[in-house]
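Enquirer: Numbering (this note's numbering), first residue to last: 848 to 1285.
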Amino acid sequence: PTEHSSNSCQDSLYTKHACGHHIKSSDVAARPEARCWLRRMLRRVFRALNPARWVTSFARWWLHMPPHSPCRNGPVLNSMAAETSIAVHASSSGLNDRRQQNHNGITLVDETKEERRQWIAKLKDQVFSWQFSVFEFGGLTRGHPLITMTVTLLEVYDLLDGWKVDRQTVENFLLQVESEYRPNSYHNSIHATDVTQTSAIIMQSFAKQVNDIPKMDIFCIIMASAVHDLGHLGVNNDFLINSKHPRATTYNDKSVNENYHISRAFDIARNSRGCNIFEHFTFEEQKKCRKLMIDMVMATDMAIHFDLLKNFNSQLEAKPDMNEWQERNLLYQMIVHLADIANPARPFHLARGWAERVIQEFCEQGEKEAAAGLAVSPFCNRATMNMPRAQLNFIEIFLKPTLLSFEKSAPEFVSMALQFLEKTIAEWKALEAAGFKM
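Below, the structure written as structure tokens:
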């Protein structure tokens, strides 16, 4: 299947990418816009004085393209992608109001600040769409999907410009966060963007059943989703533990990835200049927000999936009406956890894109394990990988039971997701029957 059907080419910021005009590599010397693009990219590479940094930025942009996108299948660039440039790089320009330094001392420049206002205005109409293509969005925001999506949601929920957080501080924080997402095959800023949007969609459905979700709680859910895989190394906790990685030592082999993600997020807020998104909270509000965010990010560790689901179902059985829940931490943990594993329930062309990415990352881990003399983990062996069967097992064991647990509290979302999921199950079964492996 292709990433876009023929009727998906609508006049929208997020579909033009696959439908716009293309510049063939053979035309580069003849097309003025292509020459301008090359000159602009070369200027920025040499200004940075570090070609390796450009390679990293280009790799990040490349990973944001869908597997079947024209931009990944050949040497073609459309008119919007030709504007793609290094979004985060060292700069000596005078844009002082957009500059900050990350923990490695590299100056971050918010080059898309002005464009982001336009993207946000257009995104608001699609931000709760389950058919939204985050892959397209990653390319069109020039490598800044996470900050754009997160700021959009904060605007939609009236959590900027008049609430407790300062817009510029939030943007500084998110710019730093996005810069620290690595260009992994799966656990990258595109995945974080998808999870953040999915959490908001679940919240929208859930809010129709539950009264008065405090703004503070909404803020925490959005921000926890945005940082939930911050600095992910593209390997799971077992690999970090078995390879005696320093992070495993720091966190005593317990939820190593998740501990790092949330710890680093608070480190940025507290110790990076202009990034303290909690500075206007009271002491008690800071304590509450910190606990909520820690609990939600820790809930994304798949090792605790069954305990989390069991506790949630027990609480639902005891109090079916969630308006009676005095403590909602468990509910919020489940929202972010479900958002983290829900992409197989997207329309199949998106679900397959995610499957290809996660399988690729698994196989890359298997190769690292083999190279280090470690046993290759299950589902990480490229030679024996069966992607349709792996996806069907994941859906049956993890995703579908979790969706069904939300059937009463978020009925609209669950009904929609299950409809797409059934179609996806049929597609994977057909591919399995045809002998497709990977």
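Where is the CB? At the ideal position from N, CA and C, for every residue including glycine.
For the alpha helix (DSSP H) holding Ile1206, just list the boundary residues, first then last.
Expert: Looking at the DSSP string, the run of the alpha helix (DSSP H) that includes Ile1206 is 1195 to 1218.
Enquirer: Pick helix, strand or coil for Leu1265, following the three-state DSSP scheme.
Expert: helix
Enquirer: Determine the DSSP secondary structure at Val998, reduced to helix, strand or coil.
Expert: helix
Enquirer: Please classify Ile1287: is it buried, with 16 or more other beta-carbons within 10 angstroms of its beta-carbon, or exposed?
Expert: Missing from the structure shown is residue 1287; the chain here goes from 848 to 1285 and no further.
Enquirer: Give me, in chain order, the residues of the same chain whose beta-carbon lies closer than 6 Å to that of Asp1100; leave out the 5 immediate sequence neighbours on both sides.
Expert: Ile1088
Enquirer: For Met1181, which of Ser980, Ile994, Asp972, Ile1049 has the nearest alpha-carbon?
Expert: Ile1049
Enquirer: Quick one: residues in its chain with C-beta nearer than 8 Å to the C-beta of Leu1021, no 5 flanking neighbours on either side, listed in chain order?
Expert: Closer than 8 Å at Cβ, skipping near neighbours: Leu993, Ile994, Thr997, Val998, Ala1073.
Enquirer: Go to Cys1067, then tell me how far its alpha helix (DSSP H) extends in each direction, as first and last residue.
Expert: 1062 to 1074
Enquirer: Could you tell me whether the region 1097 to 1113 touches the region 975 to 992, where touching means 3 or more Cβ pairs closer than 8 Å?
Expert: no
Enquirer: Among the residues of its own chain, which have a CB less than 7 Å from the CB of Phe1125, if the five just before and after it don't count?
Expert: Ala1116, Gln1133, Cys1136
Enquirer: Which word fits Ala1039, buried or exposed, when buried means at least 16 other C-beta atoms lie within 10 angstroms of its C-beta?
Expert: buried
Enquirer: So what does DSSP say about Val1082, is it helix, strand or coil?
Expert: coil
Enquirer: Can you round the beta-carbon distance between Ser1076 and His1127 to whole angstroms, since I take them to be within the 8 Å contact cut?
Expert: It should be noted that the sequence gives Asp, not Ser, for residue 1076. Not really, about 27 Å apart at Cβ, beyond 8 Å.
Enquirer: What does DSSP give as the partner residue(s) for Leu1221 in the beta ladder?
Expert: Beta-bridge pairing links Leu1221 to no other residue.
Enquirer: Leaving out the 5 sequence neighbours to the left and right, which residues in its chain are closer than 7 Å to Met1140 when beta-carbon positions are compared?
Expert: Sequence-distant Cβ neighbours of Met1140 in its own chain, meaning closer than 7 Å and more than five residues away, are Cys1067, Met1070, Ala1071, Ile1109.
Enquirer: Indicate whether the contact test is met: 3 or more Cβ pairs, each with one atom in the region 1212 to 1232 and one in the region 1184 to 1193, closer than 8 Å.
Expert: no
Enquirer: Could you check how far apart the C-beta atoms of Pro1167 and Lys1255 are, in whole angstroms? I think they sit under 8 Å.
Expert: 7 Å
Enquirer: Between the alpha carbons of Thr1016 and Ala1165, how many angstroms are there, rounded?
Expert: Thr1016 and Ala1165: Cα-Cα distance of roughly 42 Å.
Enquirer: If you draw a straight line from the alpha carbon of Asn1176 to that of Asp1142, how long is it in whole angstroms?
Expert: 7 Å
Enquirer: Give every residue of the same chain whose Cβ lies closer than 6 Å to the Cβ of Ser1119, excluding the five residues on either side of it in the sequence, and list them in chain order.
Expert: For Ser1119, same chain residues with a beta-carbon under 6 Å away, outside a window of 5 residues either side, are Gln1023 in chain order.
Enquirer: Rounded to the nearest angstrom, what separates Asn1288 and Glu1171 at their Cα positions?
Expert: The shown model of the chain, from 848 to 1285, leaves out residue 1288, and the question about it has no answer.
Enquirer: Have a look at Met1285, Tyr1179, Ala968, Val1003 and flag the residue whose alpha-carbon is nearest the alpha-carbon of Phe1253.
Expert: Tyr1179
Enquirer: My understanding is that Arg1094 touches Val1082, with C-beta atoms under 8 Å, so please give their C-beta distance in whole angstroms.
Expert: About 10 Å; that fails the 8 Å criterion.
Enquirer: Would you tell me roughly how many angstroms separate the C-alpha atoms of Asp1013 and Val1003, rounded to the nearest one?
Expert: Taking the straight line joining both Cα atoms gives about 15 Å.
Enquirer: As a quick exercise: from Asn1123, Ala1257, Gln965, Ala1230, pick the residue whose alpha carbon is nearest that of Met1169.
Expert: Ala1257
Enquirer: Might you give, ordered along the chain, the residues of its own chain that have their beta carbon closer than 8 Å to the beta carbon of Asp1148, omitting 5 neighbours on each side?
Expert: Asn1084, Ser1102, Asn1104, Glu1105
Enquirer: Does the separation of the CB atoms of Ser1036 and Arg1204 fall below 7 Å?
Expert: no
Enquirer: Rounded to a whole number of angstroms, what is the C-alpha to C-alpha distance between Val923 and Glu983?
Expert: Reliability of the predicted coordinates at Val923 is poor, the pLDDT of 24 falling under 50, and no value is obtained from them.
Enquirer: Tell me whether Pro1030 is buried or exposed, calling it buried when 16 or more other Cβ atoms sit within 10 Å of its Cβ.
Expert: With 16 or more other Cβ atoms within 10 Å, it is buried.
Enquirer: Can you tell me the Cα-Cα spacing of Ala1273 and Val1057, whole angstroms?
Expert: 34 Å
Enquirer: Thr1249 and Leu1163 - do their beta-carbons sit closer together than 7 Å?
Expert: no
Enquirer: So Ser1052 and Phe1260 are in contact, right, with Cβ under 8 Å, and what is the actual spacing, rounded?
Expert: 4 Å
Enquirer: Helix, strand or coil for Val981 per DSSP?
Expert: helix
Enquirer: Taking just the CA atoms, how far does Arg963 sit from Leu970?
Expert: 10 Å
Enquirer: Taking just the CA atoms, how far does Thr1045 sit from Pro1235?
Expert: 23 Å
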